[in-house]
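Protein chains in written order, with the working numbering: chain A, 16 to 443; chain B, 16 to 443.
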C-alpha cells in the first residue's frame, strides 16, 4: 500500500550545446530534463522525467507542478485499481486540457509523472519495468489503454488478443534477448555540427565496435548531405544499414526530391522528412520513396497521430518516445497499434536518459506485443548515461537487458545537484 | 520607428466556473487570459492575449516570458521588414521548438505575442486591424505567411493570386459590412451546465433579439442531447440554423451513430465531433453525416492540421481561432488555405476576448480572401465584453464593424487589476 507523500520537481540542464552534440537541422540546445521524484511512505521512491532542449525546461517543470495534484497523496493501489481514470485525471483535467489537448508541454509533463509512477511500482514489485509489463495479465495491460479516439483502429478485444498471443513463446524470446541483447543502432556518427573528418572517424569507430546500423542527420544543404552520406557509406560498406534523419525541415515535395538524390547511399529509412503533424504528407512521401521506409514518432504528439500514420500507411517504421506522450500507458497503446498494423517499432532515444527508458519499452514490445525482432532496433546515443544510477550497457552494438528494479530512470543525486538550473555549480 | 521597450505579462482569471458558463462536454473552468502589454518608446502600447480555462494560465504566462526575448527591444519596422523571420524566431527557436512544435502552451504564447505586435502596429497606423490587413499590398501579406510545411497545398503564387483577386469588389463588400454588420450566431443558448428551462428561455430570447443561428452543446448523454435539440428546434422554428458542438468527446464511429439520432433536429453543422488531431477521423465522419457539415478548428494546433483537414475533405466549415495558433500571420495562412479549397470560415469565439479579436479576422476574410458571406458567420458569446476598452457591439444578431485603431485587444486596467491571479481583489 505504498502512498505518494510528496512530489519534487528538478530543473536539470546539461551544458551540451557548446560541443555541437545533438545538433540537427532544427534542434540545438542544452540537453535537459524535467525530473520528478515521488517520495512515499515506504522504502521506495519513484523517478520519472521528460527531456527538453534547455530553455523552456521551466515550462515542463511548471506543468508537472500543475498536474501533480492528481498524483499527490494517492496510493499505488488506488492508481492501478483504475489506471484509465488515473490517465484521464491528467489528460482530461477540465481546466488544463485546453492547453493541449494531449500535446506539447502539458503532455510531456504528464509523461514525466506517469513514468515516475510506473518506476515506483516496478521498484515496489522488485522488477525491471520490462519484466513487470511482460508478466502482467492481459486485462491489466488493456486497462491501462485509453481507447477513446483510437477505437476505430484498435478495440479492447483486439488489444487483448494481441497481448494473449504474446504469452506464446515469451520464454524463448526472453532467452534470446538475454543471450543476444537488444539490437540497436547508433546516432552518434553524424550530427550536423560535426566536421567531415569527425564523421568519418566516428563511423569507422562505430563499425569497429560492432555497430551495423548507423544514423546520420540530413536536412542542411542537400549537396552537403549527399557528400556526407557517401562518406559514411564508404566507411561502413554496403551491408550496414544507414538511416537518415531530416528532423522535419523539408516540405513534402522537397522531401521526395531530396530523397531521390540521397537514394544513392542506399538509406534504410528517412526519419522525420516533414512536419510531425502531417499525416497525409508522410503518406505521400512514403508512397514516393518506397522501398526506403519513412520513420517518425519522436515528436508525434499522441496516440491519435500514431493511429493515423498507421491507418494512412504513412510509415514503414514507427518510432515511439518514452517522454513525449503521456507515459507508459499511452506507449502501450501505441505498441498495440503498431502490432495491429504490422509496423515494426524502433524507439527514439538519445537526449537525457531516453536510452535508459526505451530499452524497457522495446523489450516489452518484443516479448509481449510485436513478438519479433524483425526490423526492430533501439536507437543508441552515447551521451549523459553517467548521470543515471542504472545506465544502459551495450555489448557489440547491442543493449544488454537491464536487471535492476524500476524504469532505469533514477538520476544520481550529485548530478541533479550539480546541473540544477539556474543555481547548481555547473550553471553558476 | 516605434520600438518595443518592455513586455509585461498578466495572469488574469475571471471566476466563471461557478455559474456553469462555458461548460461543455470536456472543458470547465474559470475563463482566463494570458495578457501581454508591449510598452514602447512612442505614444502607443500593444495588447495581445491568449485564452485559457483557468488553471494552467501560469504556464502560458511563463511561455510568453520565455519567448519575449524575440520581441524585446525590436522595432515595428524591423519586425515587419521580414515578418517570416520574426514568426520563425518564435516558432523555430532551436531550444524551445522541442516543446511544441507549433502546438499547445508554446504556440498559444506565440499567438499572444504576435497578436500584441499586430495590435501595436494597427494603433500606430491608426486603423482597426481588419482595415490595416485589407489594405495591405499583396506582397506584404504573403510575406507574413510561413509556407514551410504547407507548400504542397498552397504556394506563394497561389496565395498572391487569391489576395490580388480580393482587391476586386472590396469597396462594395466593405459597404455591405458597414451597412449590414457581420453575420453571426450565438452559443449562449445551450451550455451543458444549463437546465432545460433556461435553455428554452434563452433560445426564445435569442430568436426575439434577431439571431437566426444558434449553437448547442452535445456530447453528454445522447438521450439528453436529443431532447434538448428538439426543445431548441421547437423554440426557433424550422428556418433558423441549429449548430451542434460535441467538444471532441466522441469516437469516430460514435460520432457517426450519434449524428444519425440528432439528425431529426436538422443540424447545420456538427462541431468537434472527435479528437482535434484526427484528420482521417473527421474525413470519415464528414462522408458519413453529409449534408450535415463537419466543423472544427478551435483546437486545431496549427496550419499543418488545417491543411490536412482541407486536403482530406474532412470539413465543410473551417473554424479559426485567434489565439490558439501563432497569431495573425498564421491565421492569414489558414484563411488562404480555406479560400484555396473553397471552404467557408466561421471563426471560433467566446472565451475571454475572442469575439473582440475574430471580428477583425472575419472582416479581413470577407473583404480580401474569401470574398463572400456565403456560409460565413462569426460565433458570438455574451460574456466578459465589459472588460475590454473596445468591446464588440451587436445589432439584430450581427456584429457591428469595429472602428477604433488596433485589434480590440486592450483590456481595462481596472479589470486586469481586479482579476489578477492570485493577488487581485477578486481572488483574495
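Don't be surprised by glycine CBs; every beta carbon is placed ideally from N, CA and C.
Residues of chain A with CB under 7 Å from residue i, in chain order?
i, result
"residue 73 of chain B", "77"
"residue 163 of chain B", "266"
"residue 323 of chain B", "293, 294 and 295"
"residue 143 of chain B", "Neighbours of residue 143 of chain B on chain A: none; closest Cβ ~28 Å, over 7 Å."
Mind pulling the chain B residues with CB within less than 9 Å of residue i?
i, result
"residue 81 of chain A", "70, 71, 73 and 74"
"residue 42 of chain A", "109, 110, 112 and 113"
Among the options, which residue has its Cα nearest to the Cα of residue i?
i, options, result
"residue 50 of chain A", "A:435, A:183, A:443 and A:442", "A:435"
"residue 373 of chain A", "A:170, A:342 and A:141", "A:342"
"residue 391 of chain B", "B:354, B:165, B:89 and B:217", "B:354"
"residue 131 of chain B", "B:274, B:24 and B:312", "B:24"
"residue 198 of chain A", "A:430, A:431 and A:387", "A:387"
"residue 80 of chain A", "A:262, A:97 and A:53", "A:53"
"residue 218 of chain A", "A:209, A:210, A:229 and A:208", "A:229"
"residue 194 of chain A", "A:411, A:425, A:420 and A:433", "A:411"
"residue 337 of chain A", "A:67, A:59 and A:110", "A:67"
"residue 165 of chain B", "B:429, B:399 and B:322", "B:322"
"residue 252 of chain A", "A:235, A:223 and A:275", "A:223"
"residue 83 of chain A", "A:106, A:92 and A:71", "A:106"
"residue 358 of chain B", "B:346, B:332 and B:351", "B:332"
Between residue i and chain A, is any beta-carbon pair separated by less than 8 Å?
i, result
"residue 30 of chain B", "no"
"residue 419 of chain B", "no"
"residue 300 of chain B", "no"
"residue 8 of chain B", "No answer is possible for residue 8 of chain B: it lies beyond the span of chain B, which begins at 16 and ends at 443."
"residue 260 of chain B", "no"
"residue 332 of chain B", "no"
"residue 348 of chain B", "no"
"residue 167 of chain B", "yes"
"residue 335 of chain B", "no"
So which residues on chain B does residue i lean against when the C-beta distance must stay under 8 Å?
i, result
"residue 121 of chain A", "71, 74, 119 and 120"
Would you say residue i lies against chain B (beta-carbon separation less than 8 Å)?
i, result
"residue 296 of chain A", "yes"
"residue 129 of chain A", "no"
"residue 327 of chain A", "yes"
"residue 96 of chain A", "no"
"residue 320 of chain A", "yes"
"residue 67 of chain A", "yes"
Less than 8 Å between the CB atoms is what I'm expecting for residue i and residue j, so what's the real figure, rounded?
i, j, result
"residue 142 of chain A", "residue 316 of chain A", "Actually they are not in contact, since the Cβ atoms of residue 142 of chain A and residue 316 of chain A sit about 30 Å apart, beyond 8 Å."
"residue 362 of chain A", "residue 382 of chain A", "Not really, about 14 Å apart at Cβ, beyond 8 Å."
"residue 268 of chain B", "residue 281 of chain A", "Contact flag wrong, Cβ pair sits at about 43 Å."
"residue 314 of chain A", "residue 301 of chain A", "Actually they do not touch by this definition, with Cβ atoms about 17 Å apart."
"residue 277 of chain A", "residue 233 of chain A", "7 Å"
"residue 126 of chain B", "residue 65 of chain B", "5 Å"
Assign residue i to buried or exposed, taking buried as 16 or more other Cβ atoms, counted over all protein chains shown, within 10 Å of its Cβ.
i, result
"residue 202 of chain A", "buried"
"residue 33 of chain A", "exposed"
"residue 349 of chain A", "buried"
"residue 265 of chain B", "buried"
"residue 133 of chain B", "buried"
"residue 16 of chain A", "exposed"
"residue 296 of chain A", "buried"
"residue 428 of chain A", "exposed"
"residue 152 of chain A", "exposed"
"residue 394 of chain B", "buried"
"residue 420 of chain B", "buried"
"residue 45 of chain A", "buried"
"residue 306 of chain B", "exposed"
"residue 326 of chain A", "buried"
Name the chain A residues that come within less than 9 Å of residue i, Cβ to Cβ?
i, result
"residue 87 of chain B", "Going along chain A, no residue has its Cβ under 9 Å from residue 87 of chain B, so there is no contact; the nearest lies around 15 Å."
"residue 1 of chain B", "It is not possible to answer for residue 1 of chain B, since the shown part of chain B is limited to 16 through 443."
"residue 116 of chain B", "41, 119, 263, 290, 291, 292 and 314"
So which residues of chain B does residue i contact, with C-beta pairs closer than 7 Å?
i, result
"residue 438 of chain A", "Residues of chain B passing the Cβ test: none, with the nearest at roughly 18 Å."
Starting from the beta carbon of residue i, find every residue of chain A whose beta carbon is closer than 8 Å, and list them in chain order.
i, result
"residue 289 of chain B", "164"
Going by the C-beta, is residue i closer than 7 Å to any heavy atom of the ligand SAM?
i, result
"residue 399 of chain B", "Annotation note on the ligand SAM: not contained in the displayed structure, which lists no ligands."
Is any beta-carbon of chain D found at less than 8 Å from that of residue i?
i, result
"residue 269 of chain B", "The structure shown contains no chain D; its protein chains are A and B."
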